[in-house]
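J.: Structure below; questions to follow.
In our numbering, the protein residues as written are -8 to 222.
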């Protein structure tokens, strides 16, 4: 019954993904044009890991560690106790005494290394601003690198059969991951480039676009139904 409910929610979520996805790519393109000159190290980091990924595509220990760390972090956030954390070259395992949707899918929408770099640099800049200021380009490069790492490995693993999909079903999991990534990345971009990312506008435009897609789908559905009724 739970998976049936998630499947129905996924159908509605698909409209949200299509709507917010269009606005996300539109804002991303505008952001690129506005920041490529001043913050090119960030974009260079994105491209750099793309090259690494294409040359060394095999899932590695770094990804597995980040994957399990995301499960563990989400679990602790939701009050679960960590019973086991094990990572090896080929696989990892986290055992928690609680499970929910966010814990199950956390590795696919939480860019843990990006968040670590962001938090680490912010703390460094808070305590030692005179030193941290000189490493701004390194910080931007690492942010781009780790964000690209998250996105590319997530895209690569989506087609595979993961036990994490079992909680809510594959269809809902993929829709949820897509939506969650869009919102998490927009929030990260807002922190990085506050003046260039209109978060409120993103939410409003996403809602408008989603509603427009739903109306269009219903209108087309009624036309098809009328045509079939005549036949």
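The beta carbon of each residue, even a glycine, is placed where N, CA and C say it ideally should be.
#1: Let me know the secondary structure DSSP gives residue 160 once reduced to three states.
#2: Roughly how many whole angstroms lie between the Cα atoms of residue 92 and residue 201?
#3: Within this structure, are the beta carbons of residue 175 and residue 181 separated by less than 8 Å?
#4: What are the boundary residues of the alpha helix (DSSP H) that includes residue 8?
#5: Cutting at 7 Å between CB atoms, please list the residues of its own chain near residue 114, excluding the five before and the five after it.
#6: Please report the straight-line C-alpha distance between residue 162 and residue 17, rounded to a whole angstrom.
#7: Buried or exposed, going by whether 16 or more other CB atoms sit within 10 Å of the CB of residue 108?
#8: Do residue 78 and residue 56 have their C-beta atoms within less than 8 Å of each other?
#9: Would residue 42 be called buried (16 or more neighbouring beta carbons within 10 Å of its own) or exposed?
#10: Okay, do the stretch 84 to 102 and the stretch 58 to 76 touch, 3+ Cβ pairs below 8 Å being the bar?
#11: Counting beta carbon pairs with one atom in the stretch 93 to 102 and one in the stretch 147 to 157, are three or more of them shorter than 8 Å?
#12: Whose C-beta lies closer than 7 Å to the C-beta of residue 25 among residues of the same chain, with five residues either side of it excluded?
#13: Suppose the cutoff is 6 Å on Cβ atoms and the five residues either side in sequence are ignored; what does the same chain contact list for residue 130 look like?
T.: In terms of the structure at hand:
#1: coil
#2: The straight-line gap from Cα to Cα measures roughly 23 Å.
#3: no
#4: -7 to 26
#5: Counting only Cβ-Cβ distances below 7 Å, and skipping sequence neighbours, we find nothing.
#6: 25 Å
#7: buried
#8: yes
#9: exposed
#10: yes
#11: yes
#12: 187
#13: 112
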